[in-house]
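Okay, structure first, notes after.
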Amino acid sequence: MILAIGNDLIEVERIRGVLAREGARAERLFHPSELAYCAGLADPVPSFAARFAAKEAFQKVWPRPHGWRDVWVERERTPDGPFPFAPPILGFAPHIAAEMQERGWVAHLSLTHTREHAAAVVILEQRG
């Protein structure tokens, strides 16, 4: 059963400005795996913006505030198939992961971006 749907849309230039202002302090916003993935891209800013939107979209379905690095987007490499990475999924800090498991909740994620905008949708599902 679907419990909640959260979405977020952000302007890529806004995140470009945040990254320019924050510099190395941007690490407080993004999980190390997000920093590593985006660093390997020709223009990492749209992907950073999509990840920022995912954090915001998840906050809209989660019952309490969470830290920026408590929720992140993971992309696992795929050894076979036409794409080098599996579809994106959300990763969680231990306290969020434990509550999700205890309640039987699963979060589904969809990301998209253009040069101008990034968006994320999170669906929180009750299983069991």
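Take the position in the sequence shown, starting the count at 1, then add 9; the result is the number in this note's numbering. All C-beta atoms in this analysis are idealised placements derived from N, C-alpha and C, irrespective of residue type, glycine included.
Say whether the region 11–25 touches the region 56–76, bearing in mind that this needs 3 or more beta-carbon pairs closer than 8 Å, one atom from each stretch.
yes
In terms of residue numbering, what span does the alpha helix (DSSP H) encompassing Ala107 cover?
Pro103 to Arg112
Would you check if the distance between the CB atom of Ile132 and the CB atom of His117 is smaller than 8 Å?
yes
Tell me the rounded alpha-carbon separation between Ala95 and Ser42.
Cα to Cα, the separation comes out at about 14 Å.
Are there three or more Cβ pairs, one per stretch, closer than 8 Å when the region 85–92 is compared with the region 103–114?
no
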